[in-house]
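S.K.: Heads up: the protein sequence lines correspond to chains X and R, in order. Under UniProt numbering, the first sequence has 77 at position 77, and the numbering climbs by one with no breaks. Under UniProt numbering, the second sequence has 33 at position 33, and the numbering climbs by one with no breaks. This is the structure I have questions about; it appears just below.
Number of protein chains: 2
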Amino acid sequence: MGEYENAQQLDAVFSAMADATRRAILARLAESDARVTEIAGGFTISLNSTSKHIRMLERAGLVRRSVRGRDHVLSLDATQMQSAARWIQRYQPFWEDRLASLDAFVTRKRVAANQGKKNR
Amino acid sequence: MGEYENAQQLDAVFSAMADATRRAILARLAESDARVTEIAGGFTISLNSTSKHIRMLERAGLVRRSVRGRDHVLSLDATQMQSAARWIQRYQPFWEDRLASLDAFVTRKRVAANQGKKNR
DNA sequence: TTCATATTCACCCATAAGGGTGAATATAGG
DNA sequence: CCTATATTCACCCTTATGGGTGAATATGAA
């Protein structure tokens, strides 16, 4: 398989998505832009920890920040998610093959069970 | 956005994919099954480090191992990749919107440039 | 049995994550 | 000017990563 992506960028994107809190932040920003405090309000962790998560999302390029006075308004930028999606998509044949063979197995089993019994 | 996935599993899958060496191992296994030493041969890092990477991939469910005597044969299991792909895919509208609005912006700018001298 | 190969185990080291707290900074609003 | 709010900075602590080395273990082969 090709290795023509930006490895470091993928590192940052995948590791940014590797945390449930950060995924929840992304989900929150998918609904609407929000300030840091607004986002932090949805979690039990401290404002400071939330701020750090946001910084990681920013470094990964998944979130943009626009400072308006003392408020920092954050918005989702899904561009880098597409890179990650494209990387994973190259493996789609593999999980489809797996499902296909599982399906074939189930079908075989069902056919065997139907020897003498008619259902479904 | 829904939060009905297994968060811990996604944590493991995404963090497993967040390392270039491990992504290369997955790419290698996409070509064919391989033993630990065969995989390690493709990297400059030690056999031990490779072994650890493989263990992480195993824990994330991305790689399966079948022990044949002293050889451990590894194979790709892309099932968990599909979970990751599904999670990311929910954001597809966002990167498509972004491309669409960028395109609209460029078009607008081009139109403006063609109407004499319009700038900021 | 003896030797070679394949793999992991048990450590060591440095760095980054993820959480916390308290202080500093910047801006909004009286 | 003064005070409250929004956010970050500078630390502390614990755990995980990513790399290394040398030893242990298991199996194949002679």
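Glycine included, each C-beta is placed from N, C-alpha and C at the ideal position.
Determine the closest residue to R/Leu57 out of R/Gly69, R/Ala24 and R/Asn6, with distance taken between C-alpha atoms.
M.R.: The residue you call residue 57 of chain R lines up with position 57 of the second sequence. Nearest C-alpha to R/Leu57: R/Ala24.
S.K.: Would R/Met17 count as contacting chain X if we go by Cβ distances under 8 angstroms?
M.R.: Your numbering for residue 17 of chain R matches position 17 in the second sequence. For R/Met17, the answer is yes, since a Cβ of chain X falls inside 8 angstroms of its Cβ.
S.K.: Identify the residues that DSSP records as bridge partners of R/Ser66: which are they?
M.R.: Here residue 66 of chain R refers to the residue found at position 66 when the second sequence is read from its first residue. Paired residues: R/Val73.
S.K.: Quick check on R/Val67: buried or exposed, where buried means 16 or more other Cβ atoms within 10 Å of its Cβ?
M.R.: For this step, residue 67 of chain R is matched to residue 67 along the second sequence. That one is exposed.
S.K.: Suppose only complete runs of 4+ residues qualify. What are the alpha helix (DSSP H) ranges in the segment 12-72 of chain X, listed by chain order?
M.R.: 20-31, 36-41 and 47-59
S.K.: Report yes or no: do three or more beta-carbon pairs, one from the segment 26-41 of chain R and one from the segment 68-79 of chain R, lie closer than 8 angstroms?
M.R.: With the cut-off at 8 angstroms, the segment 26-41 of chain R and the segment 68-79 of chain R touch.
S.K.: Among R/Arg70, R/Trp87 and R/Arg22, which has the Cα closest to the Cα of residue 121 of chain R?
M.R.: Since the first residue of chain R shown is 1 and the last is 120, residue 121 of chain R is not available in this structure.
S.K.: Along the chain, where does the alpha helix (DSSP H) containing X/Arg86 start, and where does it finish?
M.R.: In the first sequence, the residue the question calls residue 86 of chain X occupies position 86. Unbroken alpha helix (DSSP H) run through X/Arg86: Thr79 to Gln89.
S.K.: Any beta carbon from chain X within less than 8 angstroms of R/Arg120's own beta carbon?
M.R.: For the purposes of this step, residue 120 of chain R is identified with residue 120 of the second sequence, where counting begins at 1. Residue placement at R/Arg120 is poorly supported in this model, since its pLDDT is 29, which falls under 50; the coordinates are not used for a value here.
S.K.: From R/Tyr91, R/Val13 and R/Gln89, pick the residue whose C-alpha is nearest to that of X/Asp19; which is it?
M.R.: Your numbering for residue 19 of chain X matches position 19 in the first sequence. Among R/Tyr91, R/Val13 and R/Gln89, the Cα nearest to that of X/Asp19 is on R/Val13.
S.K.: Where X/Val63 and R/Met17 are concerned, what is the direct C-alpha to C-alpha distance, given to the nearest angstrom?
M.R.: As a position in the first sequence, residue 63 of chain X is number 63, starting the count at 1. As a position in the second sequence, residue 17 of chain R is number 17, starting the count at 1. Distance between the alpha carbons of X/Val63 and R/Met17: 20 angstroms.
S.K.: Compare the beta carbon distance of R/Leu10 and R/Trp87 with 8 angstroms and say whether it is the shorter of the two.
M.R.: By one-based count along the second sequence, residue 10 of chain R stands at place 10. By one-based count along the second sequence, residue 87 of chain R stands at place 87. Yes, these two residues count as a Cβ contact at 8 angstroms.
S.K.: Going by beta carbon distance, what residues of the same chain come within less than 6 angstroms of R/Ala60, once the five residues before and after it are set aside?
M.R.: Counting from 1 along the second sequence, the entry for residue 60 of chain R is found at position 60. For R/Ala60, where only same-chain residues beyond five positions count, the Cβ hits under 6 angstroms are Ala12, Val13 and Ala16.
S.K.: Among R/Ser83, R/Ala78, R/Thr44 and R/Asp97, which has the Cα closest to the Cα of R/Glu31?
M.R.: On the second sequence, position 31 is the one that residue 31 of chain R refers to. That would be R/Ala78, whose Cα lies nearest to the Cα of R/Glu31.
S.K.: Apply the 10 Å Cβ neighbour rule to X/Ile54 and answer buried if 16 or more other Cβ atoms are within range, or exposed otherwise.
M.R.: As a position in the first sequence, residue 54 of chain X is number 54, starting the count at 1. It is buried - the Cβ of X/Ile54 has at least 16 other Cβ atoms within 10 Å.
S.K.: Which residue's Cα is closest to the Cα of R/Gln89: X/Ala85, X/Leu26, X/Asn6 and X/Leu47?
M.R.: Taking the first residue of the second sequence as 1, we reach residue 89 of chain R at position 89. That would be X/Ala85, whose Cα lies nearest to the Cα of R/Gln89.
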